[in-house]
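Everything on this sheet refers to the single structure shown next.
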Amino acid sequence: MARIDLVDLAHSYSGNDAPPESFALKPVTMTWRQGGAYALLGPSGCGKTTLLNLISGIVTPSRGKILFDGIDITQATTQKRNIAQVFQFPVIYDTMTVGQNLAFPLKNRGVPAAEIAARVKQIADLLELTPYLDRKATRLTADAKQKISLGRGLVRSDVAAILFDEPLTVIDPELKWQLRSKLKALHRELDLTMIYVTHDQTEALTFADTVVVMHDGRVVQSGTPAELFEKPAHTFVGYFIGSPGMNIMPAQVRGREARIDGHTIVLNRNYDGLSSGSLIEIGVRPEFVDVVAPAPGLLSASIERIDDLGRIRFARVRVGDVKLAARVPPGFSPSGDAAAIVFDPAHVHVYADSLLVEGAA
Amino acid sequence: MEKTVDQKAWFLVLPVFLIVAFSAVLPLMTVVNYSVQDTFGNNQFFWNGVGWFKELLDPNTDLGERFLASVWRNLLFSAIILAIEVPLGIVVALSMPRQGWQVAACLVILALPLLIPWNVVGTIWQIFGRPDIGLLGYVLNEIGLNYNYVSNDLDAWFTVVLMDVWHWTSLVALLCYAGLKSIPDAYYQAAQIDGASRWAVFKAIQLPKMNRVLLIAVLLRFMDSFMIYTEPFVVTGGGPGNSTTFVSIELVKIALGQFDLGKAAALSLVYNLIILIVCWIFYTVMTNAGAERPAKGGIA
Amino acid sequence: MNTIPGRRIIISAFLVFLLLPIYWLVNMSFKTNNEIVTTMTLWPHSPTLENYVTIFTDESWYSGYINSLKYVIINTVISISVALPAAYAFSRYRFLGDKHLFFWLLSNRMAPAAVYALPFFNLYSAINLFDTPWAVALAHCIFNVPLAVWILEGFVSSVPREIDETAFLDGYSFPRFFVKILIPLISSGIGVAAFFCFMFSWVELLLARTLTSVAAKPISATMTRTVSAAGIDWGLLAAAGVLTIIPGALVIWFVRNYIARGFALGRV
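Protein chains in written order, with our numbering: chain B, 2 to 362; chain E, 138 to 437; chain V, -15 to 252.
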C-alpha cells in the first residue's frame, strides 16, 4: 500500500530524443494518495495504458521518476514494485485449477503453504469462487476468468496498488455492473490503492473518487466526478464526459459579456484581459441551457429534433451555424421550429485555446 | 459459431474427394488385390488367401523375420529422433531472437533443410560423414574416434539419426515458434507481476500454449520418420548388413527388387495399419492429457 | 522474459550445425575432383566452375530442372484449386460424413510413399500418363491435397461468417463471392498452402522417380548419373546438389515474413 508520485514522467516508444509532440505520454506530475480509487479515462490511443504500464513497470519511462511512498522505483522491476494488474483479457494459467491459479503469486514468492491456503480461501470467498476452486480454470466463463485474474492480484496482502486495464471489456453488460460493484466493495473493504483504466465514462465515474482524464498523451484534468461535470478544465473533458457532451461555441468575450450570433449573454465573472490571439469559446452543459418560447430579447434558435430520455428531454437546436443541445423544461411543448434558449450564467465557462479561463469575481 | 447443415456442401468437396479417391482408393484396391495372390511372373496370378499375412507376422519365416526386425528398428529410430528433436526444437524456438532482421535470417536458415530434396539431403550427409572427403568423418577420425558409417553399425545409426535431426528439428522449432508467437504479451506481463520464475513461465504458460502445435509436430515427425526411405537409402543403402534397413527400404527391396508383389502388398497394408494405429494412439493420449480432469469439488 | 538464458549461443550453435553440411557441399562443388580426393581443404584452394559448366552445357541436366518444376507447379495448382472449395465446405457446413471424410483425407497423408509406388506405376501406365509430369503431379496430390485442405480450413475459419452473409445479401452469387471476396481475404493462407505443396512436391523423390523414366525425369533423379564406371564424380554431384537447393532457398526468401504464420497453419 503506497502513495504514488509521478514526477515529470514522460514516455516515447521511439526513445527520449523523439520530438516532444510524438510522445505517447507527455510530461506529467501528480500524486495519487494511498487508498484512493482512481480512474484513467480517455479515448483509445490517449496514453492511458502507457501510463499504467509505466506504473506497473512493464514499460520503463524515457524521462522522469515514479515514487512509491517517496522511494524512487523508476528502474525497479515489476516484481520489486509489488503491483498487481488485471488485464483487458483474462489471463489464466491453463493447466492449473482455480485454486492453483490463485495460489500462484504466493507460491512464487515462497509463502508457507498454510498461509497460502488461508489466503486463497479468503479471496475465493470474497470473489465467490469457492465452489470452483478444484476446477480447471480453462473451461470457465469470461467473467469467472476475469475474477480469477482479479483474485491473483488481491491474494497478495502487501500490494502497493492494483491496476486495472479495461478489465470489463469482455464481460456481458449485466455482469459488468455486478463486477464493478464488487470492485467498489473490495476497495472499501481492503483499503487498497486502485487505478482503473477505461474509455467508458460510466465505468470511470461510478468506480472512482478521482477521475484523471487523458487526451492525446496529456492529462487534461484530474478531479472528482462532480468537478469534471461542473467545471471541465478543457473543452475535451467537456464533450467527452456527459451525455450529450458540453456545448462548445465560438464567442467574443469582453468583461462580463459574451456575444454569440449578435446576441449578448451575461456572464457571472469578469473576463477582462483575455489574450487577443487565442481562440475564445464558451462552454455550457445542455443541462444548463433551457429551451423556451421565442420572445424578443432572447437568443432565438430553431429546433431540429427532440430526444426524450424519459426523465429528461433534450432538444437539438441550431443558432446561426452552431448546433447545440438544450434541455426542454418539463411541461413545455414548443410549437413549431422556432424557439429561444436561455443560459444559466453560473454554468457558462470561458475557454481560451481549449483551456478553462478563471474569470475575476 | 454453429455450422449449418447443408448436404449441398458435398458438391464443394467433390473435386477433392474424386482426386484423392483416384490417387488413393484405386491403388489401394490394387494393393489389396495383390496381397491375396501369388505370382510367378508373366502376369500369372494365383489366389493365396491370407497366406502372405500369416507369413509376414510369423517371425519363424524369412519374410516375417525381416519385416518384424525392420519394424522394431524403425520404431527405435522414431523414438530416438522424437526424443531428440522435440526438446531440441522447443529449446531452439525459445532461443529465437525477439525482433529485427535476425528473426527473418534465422527463419530462412531454419527452413532451408526442409526444402532440400530428400535424396540431396542423403547426398549431403553421405559426403559430410565420409572419413576421406567429409568434414564430419574427417574430424571425428582426427580426434581419435574410429568412425566409419559404411562398416560400423553404430556409426551408421549415429549418422542417420544426426541427419534426421539436422533435416527435421527445424520443423519442430518452427511449429513451436509459431505457437509461442501466438501468446499475447499480457500473459508474460501477468506472470512477471505474479513473480513467476523463468521455469514457471515455461511450465505455466509456454508449454500449455504450445500443446496444439506440439501435437502436430509429434504426429508429423512420427509419421514421416516411420515412413523414411530416401535419406538413409542414399547414405547407407540400408547397411551395413541390415542395420539401417527401415520398413520402407525393406518394402521397396521386396516390391521392386524381387518383384514379389504379393508379399510387398501384404507388407504395405500391415505397415499402413501400424502407422494409422500409432498415430491414433498418440493423438488420443495427447489430446486426453490436455483435457479437463473430472471435477473433484462440487459445482454451484 | 519469453526467451531463455544463453539463447544467443544456442541459436548460433544450431544455425552453424544447419549450415555446416550445406557449406561443405558448396565448398566441394567448387573443387576439382583431384583436390577433393587427395586433400582435406576447408575452402577450395584452386576454385573451379567446371562442375557447373558441365551441368549447364548438358541438356539432360537442365531439362531435369524443368521437369521437376513442371510437376511441382502442376501439383500446387491442382492441390490449391480443389482444396479451396473443400476447405470452405468443411469450415462452414455440416454434411453427411463430413468428419469421416476429413479423417480419411488426413489418413492419406499417413500413407508411406513406398506403399503406393508400385500401384501408381501400374495405374499411370494403364492410362498412358507414365513418364509425364502429370503422373507425378497427380501422385503427389495424395499427400498435398489433404494438407492443403487442412491448412486452408484453418484460414477460412478465421474469416467471420458475417462476411459471407453480407456478400450474399448484397447480391453476390456464390462463385463471385468466392473469387472476389473470400480468396483475397485468405490470400496469405493460400500462399502458405502453396508453399507447403511446393515444398513436399519438390523434396519427394521416390514417387517422382518411379513414375518417370526418360522424358519427365526429375532433377534429383538425374543426379544419380554422376555414378559412373570410374566411380563417383564428387564435384559434379556436389554442384548438382547445390543447384537443387537454390529453388527452395528462393521460395523461402520470398515467403520469409509469412513463415511463422504459415507454420501456425492459421489456427493457433
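Built from N, CA and C at the ideal position, the CB exists for glycine as well.
Collapsed DSSP secondary structure at residue i in the structure displayed
| i | result |
| --- | --- |
| residue 29(V) | coil |
| residue 143(E) | coil |
| residue 306(B) | strand |
| residue 271(B) | strand |
| residue 282(B) | strand |
| residue 174(V) | helix |
| residue 353(B) | strand |
| residue 82(B) | helix |
| residue 282(E) | coil |
| residue 84(V) | helix |
| residue 270(E) | coil |
| residue 200(B) | coil |
| residue 382(E) | coil |
| residue 364(E) | coil |
| residue 437(E) | Since pLDDT at residue 437(E) reaches only 30, below the 50 mark, its modelled position is unreliable, and the value read off the structure follows with that caveat. It is coil, neither helix nor strand. |
| residue 88(B) | coil |
| residue 224(B) | strand |
| residue 76(B) | coil |
| residue 130(B) | coil |
| residue 111(V) | coil |
| residue 216(V) | strand |
| residue 137(B) | strand |
| residue 112(B) | coil |
Paired residues, beta bridge with residue i - DSSP
| i | result |
| --- | --- |
| residue 195(B) | 38(B) and 163(B) |
| residue 326(B) | 317(B) |
| residue 300(B) | 342(B) |
| residue 68(B) | 6(B) and 73(B) |
| residue 264(B) | 261(B) |
| residue 235(B) | 356(B) |
Contacts of residue i in chain B (Cβ-Cβ under 7 angstroms)
| i | result |
| --- | --- |
| residue 331(E) | 105, 106, 109 and 153 |
Chain-ordered chain V contacts of residue i [CB-CB under 8 angstroms]
| i | result |
| --- | --- |
| residue 220(E) | Near residue 220(E) there are no residues of chain V at all, since even the closest Cβ is about 17 angstroms away, more than 8 angstroms. |
First and last residue of the uninterrupted alpha helix (DSSP H) at residue i
| i | result |
| --- | --- |
| residue 329(E) | 322 to 330 |
| residue 258(B) | No alpha helix (DSSP H) contains residue 258(B), which is instead part of the beta strand (DSSP E) from 258 to 261. |
| residue 38(V) | 34 to 41 |
| residue 124(V) | 117 to 141 |
| residue 24(V) | Note, residue 24(V): premise wrong, no alpha helix (DSSP H); not H, not E. |
Selection from the options that minimises the alpha carbon distance to residue i
| i | options | result |
| --- | --- | --- |
| residue 267(E) | 324(E), 234(E), 296(E) and 401(E) | 296(E) |
| residue 160(B) | 12(B), 69(B), 143(B) and 95(B) | 69(B) |
| residue 236(B) | 286(B), 14(B) and 329(B) | 286(B) |
| residue 351(E) | 315(E), 368(E) and 330(E) | 315(E) |
| residue 147(E) | 31(V), 10(V), 81(V) and 15(V) | 81(V) |
| residue -4(V) | 233(E), 404(E), 208(E) and 347(E) | 233(E) |
| residue 28(V) | 17(V), 37(V) and 38(V) | 17(V) |
| residue 223(V) | 174(V), 236(V) and 204(V) | 204(V) |
| residue 40(B) | 130(B), 197(B) and 4(B) | 197(B) |
| residue 356(E) | 236(V), 93(V) and 68(V) | 93(V) |
| residue 367(B) | 288(B), 335(B) and 280(B) | Chain B is shown only over 2 to 362; residue 367(B) falls outside these bounds and no answer can be derived. |
| residue 150(E) | 137(V), 124(V) and 23(V) | 137(V) |
| residue 85(V) | 286(E), 318(E), 238(E) and 157(E) | 157(E) |
Continuous beta strand (DSSP E) stretch holding residue i: start and end
| i | result |
| --- | --- |
| residue 248(B) | 248 to 251 |
| residue 60(B) | From DSSP, residue 60(B) is part of no beta strand (DSSP E); its letter is neither H nor E. |
| residue 9(B) | 5 to 12 |
| residue 315(B) | 314 to 320 |
| residue 27(B) | 26 to 33 |
| residue 291(B) | 290 to 293 |
| residue 211(B) | 211 to 216 |
Partners in chain V for residue i, counting only beta-carbon separations shorter than 7 angstroms
| i | result |
| --- | --- |
| residue 248(E) | 236 and 243 |
Contacts that residue i makes with chain E (C-beta to C-beta distance below 8 angstroms)
| i | result |
| --- | --- |
| residue 389(B) | Outside the shown range of chain B, which is 2 to 362, sits residue 389(B), and nothing can be said about it. |
| residue 80(B) | 329, 330 and 332 |
| residue 86(B) | 326, 327 and 330 |
| residue 228(V) | 253, 254 and 257 |
Chain-ordered neighbours of residue i on chain E, where CB pairs are closer than 7 angstroms
| i | result |
| --- | --- |
| residue 126(B) | None at all; the shortest Cβ gap to chain E is about 13 angstroms. |
Chain E contact residues for residue i, given Cβ-Cβ distances below 9 angstroms
| i | result |
| --- | --- |
| residue 188(V) | 254, 255 and 367 |
Neighbouring residues, chain B, relative to residue i (Cβ below 8 angstroms)
| i | result |
| --- | --- |
| residue 353(E) | Here the premise fails: no neighbours, minimum Cβ distance about 18 angstroms. |
| residue 345(E) | 94, 95 and 96 |
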